[in-house]
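Residue numbers (the numbering used here): 9 to 286. Working notes, beginning with the structure itself.
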């Protein structure tokens, strides 16, 4: 069996930055265990599988596809950067003729539409609820999103971006501290700094998900489905510019929609195209 496969750096316009995702195009149905084996072989935070929903569909003309995402350890219900990567493959490599694509996923229908300088994802907007902090922690706020099982920790406003960038997080300790299954991802976030010598961002973040086999994810669309809700309330803004300050780094343009969803725009760079023999 030979499968077309691509690696796409998402939420960046430059190769080797942003968040890399593998994208497989499925002409036929795969055995369930093969999805996980391929994701483990690719060893990226997520591998996306785009599948036709009907026998008469084709990747160039059709506008609706099935989409699943796998980490090296498990299937996940939502992955923004791998959705962005999937849309980039269909738009730019396969030359899909449509301006908007619909993906049928475990998180419902997600849409990706062309923009002049990137691709805009239409994702669910997930609220996060206040939590009680325990211990002497230098945090401003703690919230929990039950829909995504992500814990959002806002660091004290006294910290600068460099503190978040240089913060050492032992993800093995996280697995020991939280083993109830309630948390599947930890978001650390910080309010943006005023302008000056560097580009202005409304907020910064880093994301850790050792519970699903990803120690630190470089740029995370699903985390921003939670962050967008939180920072919109905190800043009183519907349109925001965010930066995930992992080692690779990535930028996201955010717009909250009247229908209770969020548009997240990002660039992509396709860095590899090949055939997977399975």
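We treat Cβ as the ideally placed atom computed from N, Cα and C, and that holds for glycine.
Considering just the uninterrupted stretch of the alpha helix (DSSP H) at residue i, what are its terminal residues?
{"i": "residue 104", "result": "No alpha helix (DSSP H) holds residue 104; DSSP gives it neither H nor E."}
{"i": "residue 185", "result": "179-185"}
{"i": "residue 169", "result": "169-174"}
Would you check if the distance between the CB atom of residue i and the CB atom of residue j is smaller than 8 Å?
{"i": "residue 15", "j": "residue 227", "result": "no"}
{"i": "residue 126", "j": "residue 274", "result": "yes"}
{"i": "residue 221", "j": "residue 80", "result": "yes"}
{"i": "residue 136", "j": "residue 230", "result": "no"}
{"i": "residue 217", "j": "residue 46", "result": "no"}
{"i": "residue 138", "j": "residue 151", "result": "yes"}
{"i": "residue 167", "j": "residue 153", "result": "no"}
{"i": "residue 284", "j": "residue 87", "result": "no"}
{"i": "residue 162", "j": "residue 147", "result": "yes"}
{"i": "residue 191", "j": "residue 159", "result": "yes"}
{"i": "residue 212", "j": "residue 182", "result": "no"}
{"i": "residue 120", "j": "residue 109", "result": "yes"}
{"i": "residue 223", "j": "residue 179", "result": "yes"}
{"i": "residue 254", "j": "residue 246", "result": "no"}
{"i": "residue 262", "j": "residue 250", "result": "yes"}
{"i": "residue 18", "j": "residue 89", "result": "yes"}
{"i": "residue 235", "j": "residue 197", "result": "yes"}
{"i": "residue 105", "j": "residue 69", "result": "yes"}
What is the residue span of the beta strand (DSSP E) that residue i lies within?
{"i": "residue 252", "result": "247-252"}
{"i": "residue 5", "result": "Nothing can be reported for residue 5: it is not among the residues displayed for the chain, which extend from 9 to 286."}
{"i": "residue 17", "result": "10-18"}
{"i": "residue 29", "result": "27-34"}
{"i": "residue 149", "result": "147-153"}
{"i": "residue 263", "result": "258-264"}
{"i": "residue 23", "result": "Counting along the chain, residue 23 falls outside any beta strand (DSSP E), and DSSP gives it neither H nor E."}
Per DSSP, residue i forms a beta bridge with which residues?
{"i": "residue 216", "result": "194, 224"}
{"i": "residue 132", "result": "269"}
{"i": "residue 111", "result": "73, 118"}
{"i": "residue 161", "result": "150, 196"}
{"i": "residue 282", "result": "13"}
{"i": "residue 276", "result": "18"}
{"i": "residue 126", "result": "123"}
{"i": "residue 211", "result": "199, 250"}
Meets three-Cβ-pair contact criterion under 8 Å: the segment 127-141 and the segment 56-73
no
Three or more C-beta pairs below 8 Å linking the segment 93-112 and the segment 38-45
no
Which ranges does the beta strand (DSSP E) cover as unbroken runs of at least 3 residues, wholly within the segment 39-100, from first to last along the chain?
54-59, 72-78
Does the segment 24-32 come into contact with the segment 48-56, if we say contact requires no fewer than three beta-carbon pairs (one atom in each stretch) closer than 8 Å?
Touching, yes.
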